[in-house]
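Visitor:
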Amino acid sequence: MAIKQLSVFVENKQGKLVDTVRTISEAGINIRAMSIADTKDFGILRLIVSDTDKACGLLSDMSIVTKTDVIAVKMDDKAGALCNILTVLSDAGINVEYMYAFTASAEFGAYVVVRVDDVAGAEKVLADKGLATLSVEDIAKI
Amino acid sequence: MANYFQPEIETASREEILRIQNEKIVKQVKHVYENVAYYRNLMDEKGVKPEDIKSVDDIKKLPFLTKSDLRDAYPYGLLGTDLKNCVRIQSTSGTTGKRVVAFYTQADIDLWEECCARAIVAVGGTNEDVCQVCYGYGLFTGGPGLNGGSHKVGCLTLPMSSGNTDRQIQFMMDLGATILCCTPSYAAYIGESLAEKGYKPEDNKLKAGIFGAEPWTEEMRRSIEKSLGIKAYDIYGLTETSGPGVSSEPGEQTPAHANEDHVYPEIIDPDTGEVLPEGEKGELVFTSLDKEAFPLLRYRTRDICVLTRKKCSCGRTHVKMSKPMGRSDDMLIIRGVNVFPSQIETVLLNEGYSPNYQIVVDRVKNNDTLDIYVELTPEQFSDKVAEIQAKEKALEGAMRTMLGIGPKVHLAAPKTIVRSEGKAVRVIDNRKLHD
Chain A
80 MAIKQLSVFV ENKQGKLVDT VRTISEAGIN IRAMSIADTK DFGILRLIVS
130 DTDKACGLLS DMSIVTKTDV IAVKMDDKAG ALCNILTVLS DAGINVEYMY
180 AFTASAEFGA YVVVRVDDVA GAEKVLADKG LATLSVEDIA KI
Chain B
-8 MANYFQPEIE TASREEILRI QNEKIVKQVK HVYENVAYYR NLMDEKGVKP
42 EDIKSVDDIK KLPFLTKSDL RDAYPYGLLG TDLKNCVRIQ STSGTTGKRV
92 VAFYTQADID LWEECCARAI VAVGGTNEDV CQVCYGYGLF TGGPGLNGGS
142 HKVGCLTLPM SSGNTDRQIQ FMMDLGATIL CCTPSYAAYI GESLAEKGYK
192 PEDNKLKAGI FGAEPWTEEM RRSIEKSLGI KAYDIYGLTE TSGPGVSSEP
242 GEQTPAHANE DHVYPEIIDP DTGEVLPEGE KGELVFTSLD KEAFPLLRYR
292 TRDICVLTRK KCSCGRTHVK MSKPMGRSDD MLIIRGVNVF PSQIETVLLN
342 EGYSPNYQIV VDRVKNNDTL DIYVELTPEQ FSDKVAEIQA KEKALEGAMR
392 TMLGIGPKVH LAAPKTIVRS EGKAVRVIDN RKLHD
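Chains A and B are the protein sequences, given in the same order. Mapping of the first sequence onto the numbering used here: residues 80 to 221, in sequence order. Mapping of the second sequence onto the numbering used here: residues -8 to 426, in sequence order.
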């Protein structure tokens, strides 16, 4: 199932990124996964955090933040795991807009976070193929 | 007879110039009152009748025209003759996006081109010269004006228009251009490009350059002269008074002579509108003395400068005008193009952006740069980089359409552009434009 990712607009200027991260850090919010898309002028910081609503509220005061539905799919620690996930999506005609990976504790393993053009379709096809995804509740726990 | 295109008038006695001006102004005010309803209303409101204007001394009784009058009267409100008598328009940007459209009869064009011809002859131009005009051609008056002046002198004219520097250099070298007409910043850029290609200043045949449409300093003049191996001269003008050639510097590089047989200049206090005595610094106001199609009376240029009728070593008797020392409004001249912050604000609002913005103008390698910082709104935000970049591009396109020059747009986070108490700092101009 889909989880919420925060997408934050960060100007590409010295100090902007650290200010953004410090805001959630000081509130005791843990970053589970992140990636940043950068351009010459700005970046989009994508975060999956332990308390999405709280982080969203704090970051809204300093920049533009949106909640985006993404899917975190569990990857086995073996060759071909990512390829398998992408093949499932591709065969179903679903486009990946961007993706990034993270590892949680040994118990939870590794995940790839995908932003797709058809979230419901992706959820269904991944479930049909028996691929595990993280839930909102899992994010609070991992 | 050296370096005069029309010696009788260019060196006429002050009495003769005054006689011509007095004769023309009486006719011109009558022409405007009878044909331009917009200005007739302004005169009626002020209680001035054409009969009240008997000489140029009476011009101060007439109402002013401003850029906003030109906007309100757009497009035909200030037309002084039937459209069937007009043969051309030229255009420049207006304050909020509505452009200023100036109309010309053939006689208007002839007078304008004669003024440009005076400028070319004054710097030593003859029918043996090759005159390379790399001002923009089209709606901008720079190209058409100097092109026409060059024809009148009988120069071989290279109608290059602006841009494509490699081609400019190729024609300059292959055809042996002797006079260069463009903006000073473009002249400097050509100079640099020549050096980059390994040419020395003495490798070209240029002897003089007629540069205008934007402010420039003495320091820039010397640097252009050095890089091109020429003498550089200033030319001044504005679309509202035909275009370039309102005034230009003589061969001696002393301050520009305004063509007083066609335009009557005044210097006013920009706050009170009072006419200031000769030699004082203030806002330049022009009254066209003989234009038919677009006969503006007392048009406020917003350029700050000084007029003097002191004797000039070049033998010309017409009033001398300092280079503009600034503006009494917020207009910027960027790459020779007039830009008003209000135009940028109009585009932002049209495109759904916040009107909180900052404009940064700079000059990098003699080329003006325009950066516009704009706050992104939550509605426009996307978590996909490509979508935000597409919005940036779209905004740049809309700006280019409105301004006529391409800015670089930078999207900023909301509430990050400095909001000052009272007057917002909308414009940061890092260029050194005036001495």
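Heads up, the beta-carbon is just placed ideally off N, CA and C, and yes, glycines get one too.
Can a CB atom of chain B be found closer than 8 Å to the CB of F181 of chain A?
Guide: Look at F181 of chain A: its C-beta is not under 8 Å from any C-beta on chain B.
Visitor: Since I143 of chain A and P369 of chain B should fall inside the 8 Å C-beta cutoff, what is the C-beta to C-beta distance between them, to a whole number of angstroms?
Guide: 5 Å
Visitor: At which residues does the alpha helix (DSSP H) containing L219 of chain B begin and terminate?
Guide: 209 to 219
Visitor: What does the alpha-carbon distance come out to for the pair R318 of chain B and K196 of chain B?
Guide: 36 Å
Visitor: Note down, in chain order, each residue of its chain lying with its Cβ closer than 7 Å to the Cβ of I259 of chain B, except the 5 sequence neighbours on either side.
Guide: E265, V266, L267, G273, E274, V276
Visitor: Is the Cβ-Cβ distance between G209 of chain A and K153 of chain A less than 8 Å?
Guide: no
Visitor: Suppose the cutoff is 7 Å on Cβ atoms and the five residues either side in sequence are ignored; what does the same chain contact list for I324 of chain B look like?
Guide: Once the five neighbours on either side are set aside, the close Cβ partners of I324 of chain B are E205, P206.
Visitor: So for L165 of chain A, helix, strand or coil by DSSP?
Guide: In the structure shown, L165 of chain A sits in a helix (DSSP, three-state: H, G or I).
Visitor: Is L74 of chain B buried or exposed, if buried means 16 or more other CB atoms sit within 10 Å of its CB?
Guide: exposed
Visitor: So, are the CB atoms of I181 of chain B and I160 of chain B less than 8 Å apart?
Guide: yes
Visitor: Please say whether R391 of chain B and T174 of chain B have beta carbons closer to each other than 8 Å?
Guide: Not a contact, by the Cβ cut-off of 8 Å.
Visitor: If you measure from the beta carbon of V355 of chain B to each beta carbon in chain A, is any gap under 8 Å?
Guide: Output row for V355 of chain B: interface = no.
Visitor: Could you please give the first and the last residue of the uninterrupted beta strand (DSSP E) stretch that includes V149 of chain A?
Guide: Counting along the chain, V149 of chain A sits inside the beta strand (DSSP E) bounded by residues 144 to 154.
Visitor: Which whole-angstrom value is the C-beta distance of V144 of chain B and A199 of chain B, which I expect to be below 8 Å?
Guide: The Cβ separation is near 12 Å, so there is no contact.
Visitor: Starting from the Cα of C135 of chain A, find the closest Cα among A:V192, A:S169, A:I108, A:V149 and give me that residue.
Guide: A:I108
Visitor: List, in order along the chain, the chain B residues whose C-beta lies closer than 9 Å to that of T102 of chain A?
Guide: Per Cβ cutoff of 9 Å: no residues; T102 of chain A is ~13 Å from chain B at best.
Visitor: In terms of alpha-carbon separation, which member of B:H142, B:S345, B:L229, B:D225 lies closest to Y101 of chain B?
Guide: For the sequence presented, residue 101 of chain B should be read as Asp rather than Tyr. Of B:H142, B:S345, B:L229, B:D225, the residue nearest in Cα terms is B:H142.
Visitor: Counting pairs of Cβ atoms below 8 Å between the segment 355 to 375 of chain B and the segment 292 to 308 of chain B, do you hit three or more?
Guide: Touching, no.
Visitor: So if DSSP puts H401 of chain B in a beta bridge, which residue, or which two residues, is it bridged to?
Guide: For H401 of chain B, which the question treats as bridged, DSSP gives the partners B:Y364.
Visitor: Does G94 of chain A get closer than 8 Å to chain B when you measure Cβ to Cβ?
Guide: no
Visitor: For R111 of chain A, which residues in chain B fall below 7 Å Cβ to Cβ?
Guide: Those within 7 Å of R111 of chain A in chain B number zero; the least Cβ separation is about 17 Å.
Visitor: Are three or more beta carbon pairs between the segment 28 to 40 of chain B and the segment 53 to 62 of chain B nearer than 8 Å?
Guide: yes
Visitor: Count Cβ pairs between the segment 146 to 163 of chain A and the segment 193 to 210 of chain A that sit closer than 8 Å; are there 3 or more?
Guide: yes
Visitor: Between V330 of chain B and the rest of its own chain, which residues show a CB-CB distance below 6 Å, the 5 nearest in sequence each way excluded?
Guide: L323, L394
Visitor: Considering Cα atoms alone, identify which of B:V27, B:R10, B:E14 is closest to A284 of chain B.
Guide: B:V27
Visitor: Do we get a CB-CB distance below 8 Å when we pair A158 of chain A with the residues of chain B?
Guide: In terms of beta-carbon proximity, A158 of chain A stays away from the interface with chain B, with every pair separated by 8 Å or more.
Visitor: Identify each residue in the segment 184 to 218 of chain A for which the Cβ-Cβ distance to at least one residue of chain B is less than 9 Å, and report them in chain order.
Guide: R194
Visitor: Run through chain A and tell me which residues come within less than 8 Å of F55 of chain B, C-beta to C-beta.
Guide: Within chain A, no residue comes near F55 of chain B; the closest Cβ sits about 43 Å away, beyond 8 Å.
Visitor: Kindly say whether I173 of chain A, judged by its beta-carbon, lies nearer than 8 Å to any beta-carbon of chain B.
Guide: no
Visitor: Let me know if M(-8) of chain B comes out buried or exposed under the rule of 16 or more other beta-carbons within 10 Å of its beta-carbon.
Guide: With a pLDDT of only 43 at M(-8) of chain B, under 50, the local geometry of the prediction cannot be trusted, and no value is derived from it.
Visitor: Just how far apart, CA to CA, sit R293 of chain B and E210 of chain B?
Guide: 24 Å
Visitor: What does DSSP give as the partner residue(s) for Q(-3) of chain B in the beta ladder?
Guide: Q(-3) of chain B is not bridged to any residue.
Visitor: Cα separation between D170 of chain A and D132 of chain A?
Guide: 34 Å
Visitor: Examine chain B for any beta-carbon lying closer than 8 Å to the beta-carbon of A116 of chain A, and answer yes or no.
Guide: yes
Visitor: May I ask you to list, following chain order, the residues of the segment 393 to 405 of chain B that have a beta carbon less than 7 Å from some beta carbon of chain E?
Guide: Absence of chain E from the displayed structure is noted, the protein chains being A and B.
Visitor: Roughly how many angstroms lie between the CA atoms of D157 of chain B and D99 of chain B, to the nearest whole one?
Guide: 35 Å
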